[in-house]
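First residue of the sequence shown: 21, per this note's numbering; consecutive thereafter.
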Amino acid sequence: MVRAVTAQMGMGRDRHQVVGTAPPRSPNACPPGTPSLSSLAGNPAQHLSYGSAMKPADLHPAVQAAYNNADVEALTSLYEADAWMFGPEGPVQGLDAIRAVWAGLVAMAGHLEMVTQYAIEHGDMAMISNKWTLTIAGQAVSATTAELARRQPDGTWKYVFDNPDAAGLLAG
Numbered sequence: 021m022v023r024a025v026t027a028q029m030g031m032g033r034d035r036h037q038v039v040g041t042a043p044p045r046s047p048n049a050c051p052p053g054t055p056s057l058s059s060l061a062g063n064p065a066q067h068l069s070y071g072s073a074m075k076p077a078d079l080h081p082a083v084q085a086a087y088n089n090a091d092v093e094a095l096t097s098l099y100e101a102d103a104w105m106f107g108p109e110g111p112v113q114g115l116d117a118i119r120a121v122w123a124g125l126v127a128m129a130g131h132l133e134m135v136t137q138y139a140i141e142h143g144d145m146a147m148i149s150n151k152w153t154l155t156i157a158g159q160a161v162s163a164t165t166a167e168l169a170r171r172q173p174d175g176t177w178k179y180v181f182d183n184p185d186a187a188g189l190l191a192g
């Protein structure tokens, strides 16, 4: 089960949040009622609050829902205007280029599943990662991501860097 653990460290706004698959070190590490990401099954978008309550790891179920609904515009809206995405043909920058990458991936008509590996929040930046599996015509391919997101003035989070194949396992 994926668990969210939040700890206040240091003074001021230094807040670090870690979301991962490792069990907590003590039974009291997670407050009672802390939701797991698996509780976002079905339509994750209806569980997300895109106000100040949005967390960086909320990007993952938003991507999964948008991909599985073939919504290229929703996928593109999750990126900052000058963000970088490392697509199948190499890195691209900017919303038009990112939209083109997602359009090509959505055209494959697959089914995407994502599981957050971690989300480490520091101020208005967050390093996040997920393990994804894309199934197309019964064939599955998986990889692990490396992503950087930034909190926006409205409290939402958007990708700054998105590398869907951080380990380079899919490179041929």
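Note that the Cβ used here is the ideal one computed from N, Cα and C, for glycine as well.
* Which residue or residues does DSSP assign as beta-bridge partners of Asp-182? -> On the sequence shown, position 162 is the one that residue 182 refers to. Met-105 and Glu-167, per the DSSP bridge assignment.
* What did DSSP end up calling Pro-111 once you bin it into helix, strand or coil? -> Along the sequence shown, one-based indexing puts residue 111 at 91. The answer is strand: DSSP assigns Pro-111 an E or B state.
* To do: Below 6 angstroms CB to CB, which residues in the same chain sit around Arg-19 once its five sequence neighbours on both sides are set aside?
  => Residue 19 cannot be examined here, being either before or after the span of the chain that is shown, 21 to 192.
* **Candidates Ala-120, Ile-140 and Phe-106, of which the one nearest Thr-96 by Cα** => Taking the sequence shown and counting its residues from 1, one reaches residue 96 at position 76. Selected option, being the one with the closest Cα: Ala-120.
* Asked: When burial is assigned at 16 or more other CB atoms within 10 Å of the CB, is Gly-158 buried or exposed?
  -> Residue 158 sits at position 138 when you count from the first residue of the sequence shown. By the 10 Å Cβ count, Gly-158 comes out exposed.
* Going along the chain, which residues of its own chain have a beta-carbon closer than 7 angstroms to the beta-carbon of Ala-146, five neighbours each way excluded? -> Here residue 146 refers to the residue found at position 126 of the sequence shown. These residues qualify, in order along the chain: Pro-76, Ala-139, Ile-140, Ala-169 and Trp-177.
* To do: For Asn-88, name the three-state secondary structure that DSSP assigns.
  => In the sequence shown, the residue the question calls residue 88 occupies position 68. Residue state, collapsed to three classes: helix.
* Thinking C-beta only, is Val-112 closer than 8 angstroms to Leu-98? -> To locate residue 98, count along the sequence shown from 1; it is residue 78. To locate residue 112, count along the sequence shown from 1; it is residue 92. For Leu-98 and Val-112, no; Cβs fall outside 8 angstroms.
* Asked: Grouping DSSP H, G and I as helix and E and B as strand, with all else coil, what is Thr-136?
  -> Taking the sequence shown and counting its residues from 1, the one referred to as residue 136 is at position 116. Three-state DSSP puts Thr-136 in a strand.
* **DSSP state of Leu-68 mapped onto helix, strand, coil** => Sequence index remark: in the sequence shown, residue 68 carries index 48 (1-based). Only weak support is given to the placement of Leu-68: the predicted model assigns it a pLDDT of 46, under 50, and the question is left unresolved by the model.
* Nearest-angstrom Cα distance between Ser-56 and Phe-181? -> Within the sequence shown, numbered from 1, the residue matching residue 56 stands at position 36. Within the sequence shown, numbered from 1, the residue matching residue 181 stands at position 161. Annotation note: pLDDT 37 at Ser-56 (below 50); position unreliable, no value reported.
* Contacts around Trp-122, its chain only, beta-carbon distance under 7 angstroms, and the 5 residues preceding and following it disregarded -> Taking the first residue of the sequence shown as 1, we reach residue 122 at position 102. Closer than 7 angstroms at the Cβ level, and outside the excluded window around Trp-122, lie Val-92, Leu-95 and Thr-96.
* **Thr-164 and Ala-186 closer than 8 angstroms at C-beta** => As a working mapping, residue 164 is identified with position 144 in the sequence shown. As a working mapping, residue 186 is identified with position 166 in the sequence shown. Closer than 8 angstroms, so yes.
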